[in-house]
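Down below is the structure, laid out as C-alpha cells.
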Amino acid sequence: MNAVEYAKPQSIDDAIRCLTNAPAGARVLAGGTDLLVQLRAGVVRPPLIVDLKGITELRRIESTAEGFRVGAAVAGAELSEHAEFSNQWPGITEAFNLIGSTQIQGRATLGGNLCNGSPAADSVPALIAAGVRCIVVGPSGSREMAVEDVVTAPGKTVLTTGEFVSQFLIPARAAHSGDAYLRFIPRTEMDIAVASAGVCLTLNAAGVCTAARVSLGAVAPRALLVAACAEALVGSTLDDAALAKLAAAASAACAPINDKRGTIEFRTKVAGVLARRAATIAAQRARGN
Amino acid sequence: MAKHHVTTTVNREPVELLCDPSATLLDVLRDELGLIGSKEGCGTGDCGACSVLMDGRLVCACLVLAAEATGHEITTIEGIADGNTLHTLQQQFLEDAALQCGICTPGFIVAAKALLDRNPDPTETEVRFWLAGNLCRCTGYDKIIRAVMNAAAKMREETVHG
C-alpha cells in the first residue's frame, strides 16, 4: 500500500477542500471494503485518502416529511437495523442484506456501493426502483440527481474532481406500494449477482398497478431503469399476461457480458424471471400496505 | 512518509501509536501491538480470520485502516477471555473439537460473540448465515456451528442462574 496521507475532515466543505487541493488520484474513503482491496492489490495508489466518516451529515439517518435522508457513509447494516426504514422499504433492506458477509455489511456504505460503479452492486437496482435521488457536493456547489444517473460504465461515475455523494433522498413509500429485490447467485450467500432485479410498484383499490419502476443489475455495463418493464405492469392487475410481458421486456433490455459466472443467454433469461418474481413479491407487499 | 498518530482503545486498554497512513488495523494489531491472535488469511475481507469488534460491530481488521481506529473501541480475540478464564465460546470450541489447524478459530469466536451479544438464542440457520463470512478449510462447519449453538445454550443458562 502506498497512500501517503490520511485526512478525516469534519465537514463537507473541509472534505471538498482536501480533495480539491490534493494531487491527482486522491480517493474518498467511506466503508473501505472496495478501496482497501484496491490499495492492497496496487490497483490504486492515492496520494491522499479522505475519510468521510467524520462528517455528521454523511453518517446520519433522518426521517423527514418527504421520507428519509440517509448519509452516504451510513453502512448497509445500519440502514437495515433502522426499524422504520426497513419496514417501509423491505426491498432496499434485502438488497443491503445480500452484500457480502456480516463483516462487510457493517462497513460497506450506500455511497460506496453506488460510486464503486460495479454493474452487479446489489443495492443499486433496489435504490433505482424506489426512485431514490442523491445529493452530490463539490467545489462548484451541490446538485441533486437520480441514482440511475450516477454510474456511466463499470467503475465510472459522473463525479468530477472534488465531488462526492453526500446523502441519499429516499421517498416515503406511497400508499398501497411495495418494493422487492432479488438476485441470482449459484449459492445462498457471499457471492456476486449474476443477474438481479429491483421492483417498486403501486396498486389502486381495485388492485390495478398505477405506477411501477423496474431496475435490472449485472446484465449491462450499469444498472438499468427499464421503462418498457414499467409499461408492462401499469394498467394491469399483474395477471400472467402482464408478468409475461414484464419478463420479455426485462430480457429484451439486457446487454450482459459472457463470463464464468453466467453466459449471455443465462443472464438474459434469468433477468426476466427475477423481474417477474420480484414484481409478484412487491405486489404482495403493496396489497398489505 | 509522515506517520499518522492513532489514539484508540484495544481490549479496554488505551493505546497510542504512530503508523503508516496506509497500514491496516490488522497490520498494527499484529506487528505493532503483538496481538497475533487475529490472522491474515486473505487480506481482502473474504475469509474472516481477522474478525474483530469495532464499537461492538463485527469487522474485518484487514479492511479497516489503522488510522480509522482513532476514537473507537477495538476488541480482539485476546480480549474475549476474562483473565485466565476462557469465555464460554472458547471453552465450547475446545469441548466440541470445533477446530483443527486453528487459523480460522479466533475469527469464528469473535464473530460468534458478536452474534450472541445481539441474539442470545439464534436458530442454526441464523448462526450459519451470520458466520458465512468466516471460512474454515479444515473441518467443515458442523462442529463449529454445534459449538456456537451449545455455547449459546450454556450462556442462556448462565444468564438465568448467574
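So the sequences go chain by chain: E and W.
Residue numbers are given in my numbering: position 129 of the first sequence equals residue 129, and the series is strictly consecutive.
Just so we're on the same page, my numbering is the position in the second sequence counted from 1, plus 1000.
Heads up, the beta-carbon is just placed ideally off N, CA and C, and yes, glycines get one too.
Test item: CB-CB of residue i and residue j under 7 Å
i: Gln38 (chain E); j: Gly76 (chain E); result: no
i: His176 (chain E); j: Ala24 (chain E); result: no
i: Ser1051 (chain W); j: Ala1112 (chain W); result: no
i: Arg222 (chain E); j: Val165 (chain E); result: no
i: Phe53 (chain E); j: Gly117 (chain E); result: The residue asked about is misnamed: residue 53 (chain E) is Lys in this sequence, not Phe. In this structure, Gly117 (chain E) does not lie closer than 7 Å to Lys53 (chain E) by Cβ.
i: Arg60 (chain E); j: Ala73 (chain E); result: no
i: Thr1088 (chain W); j: Met1155 (chain W); result: yes
i: Ile1103 (chain W); j: Lys1039 (chain W); result: yes
i: Leu1025 (chain W); j: Ala1081 (chain W); result: no
i: Val199 (chain E); j: Ala121 (chain E); result: no
i: Thr1134 (chain W); j: Phe1108 (chain W); result: Reading the sequence as shown, one finds Asn at residue 1134 (chain W) and not Thr. Yes.
i: Ala180 (chain E); j: Ile92 (chain E); result: no
i: Leu182 (chain E); j: Arg277 (chain E); result: yes
i: Ala193 (chain E); j: Val214 (chain E); result: no
Close-in-space but distant-in-sequence residues of the same chain around residue i (CB under 7 Å, 5 per side omitted)
i: Met1 (chain E); result: Because Met1 (chain E) sits at a pLDDT of 47, beneath the cut-off of 50, its placement in the model cannot be relied upon, and the following sentence gives the value as read from the coordinates. So the qualifying residues of the chain are Leu39, Arg40.
i: Gly162 (chain E); result: Ile16, Leu19, Thr20, Gly138, Pro139
i: Ala232 (chain E); result: Ala242, Lys245, Leu246, Ala249
i: His1005 (chain W); result: Leu1018
i: Asn1150 (chain W); result: Gln1092, Asp1096
Proximal residues to residue i (C-beta, below 6 Å), its chain only, five neighbours per side dropped
i: Val219 (chain E); result: Ala195, Cys254, Pro256, Arg267, Ala271
i: Tyr6 (chain E); result: Ile49
i: Thr1125 (chain W); result: none
i: Ala30 (chain E); result: Leu52, Ala73, Thr109, Gly111, Gly112
i: Ser142 (chain E); result: Ile135
i: Val208 (chain E); result: Thr237
Chain W contact for residue i (CB, 7 Å cutoff)
i: Gln103 (chain E); result: yes
i: Met1 (chain E); result: At Met1 (chain E) the pLDDT is 47, less than 50, meaning the model places this residue with poor confidence; the figure from the coordinates comes in the next sentence. Output row for Met1 (chain E): interface = yes.
i: Leu79 (chain E); result: no
i: Glu148 (chain E); result: no
i: Leu36 (chain E); result: yes
i: Lys269 (chain E); result: no
i: Tyr6 (chain E); result: yes
i: Gly25 (chain E); result: no
i: Gly76 (chain E); result: no
i: Glu265 (chain E); result: no
i: Glu189 (chain E); result: yes
i: Thr93 (chain E); result: no
Residue i - containing alpha helix (DSSP H), residue span
i: Gln88 (chain E); result: 83-88
i: Val270 (chain E); result: 264-288
i: Glu66 (chain E); result: Here Glu66 (chain E) belongs to no alpha helix (DSSP H), and DSSP marks it neither H nor E.
i: His1161 (chain W); result: 1142-1161
i: Ile128 (chain E); result: 123-129
i: Arg1128 (chain W); result: 1124-1130
i: Arg1118 (chain W); result: 1105-1118
i: Ser80 (chain E); result: 76-80
i: Ser251 (chain E); result: 240-253
i: Ala41 (chain E); result: 35-41
i: Leu233 (chain E); result: 227-233
Proximity test, Cβ basis, 7 Å: residue i and chain E
i: Val1010 (chain W); result: no
i: Val1015 (chain W); result: no
i: Ala1132 (chain W); result: yes
i: Leu1063 (chain W); result: yes
i: His1004 (chain W); result: yes
i: Arg1030 (chain W); result: no
i: Val1059 (chain W); result: yes
i: Ala1151 (chain W); result: no
i: Gly1045 (chain W); result: yes
i: Ala1049 (chain W); result: no
i: Ala1067 (chain W); result: yes
i: Thr1007 (chain W); result: no
i: Pro1021 (chain W); result: yes
Neighbourhood of residue i by C-beta, 8 Å cutoff - its chain only, sequence neighbours within 5 removed
i: Val147 (chain E); result: Leu114, Val124, Leu127, Ile128, Val132, Arg133, Cys134, Phe168
Continuous beta strand (DSSP E) stretch holding residue i: start and end
i: Gln10 (chain E); result: Counting along the chain, Gln10 (chain E) falls outside any beta strand (DSSP E), and DSSP gives it neither H nor E.
i: Val136 (chain E); result: 133-138
i: Glu1095 (chain W); result: Note, Glu1095 (chain W): premise wrong, no beta strand (DSSP E); alpha helix (DSSP H) at 1088-1095.
i: Cys1060 (chain W); result: 1057-1060
i: Gly117 (chain E); result: Where Gly117 (chain E) is concerned, there is no enclosing beta strand (DSSP E), given that its DSSP letter is neither H nor E.
i: Ala180 (chain E); result: 177-184
i: Thr102 (chain E); result: Counting along the chain, Thr102 (chain E) falls outside any beta strand (DSSP E), though it belongs to the alpha helix (DSSP H) covering 102-105.
i: Cys209 (chain E); result: 209-217
i: Glu144 (chain E); result: 141-146
i: Ala153 (chain E); result: 151-153
Residues that DSSP places opposite residue i in a beta bridge
i: Glu1000 (chain W); result: Given that chain W is displayed from residue 1001 to residue 1162, the structure contains no residue 1000 (chain W) and the question cannot be resolved.
i: Glu1073 (chain W); result: W:Thr1009
i: Ile49 (chain E); result: E:Tyr6, E:Arg27
i: Ile1036 (chain W); result: Ile1036 (chain W) pairs with nothing; no bridge assigned.
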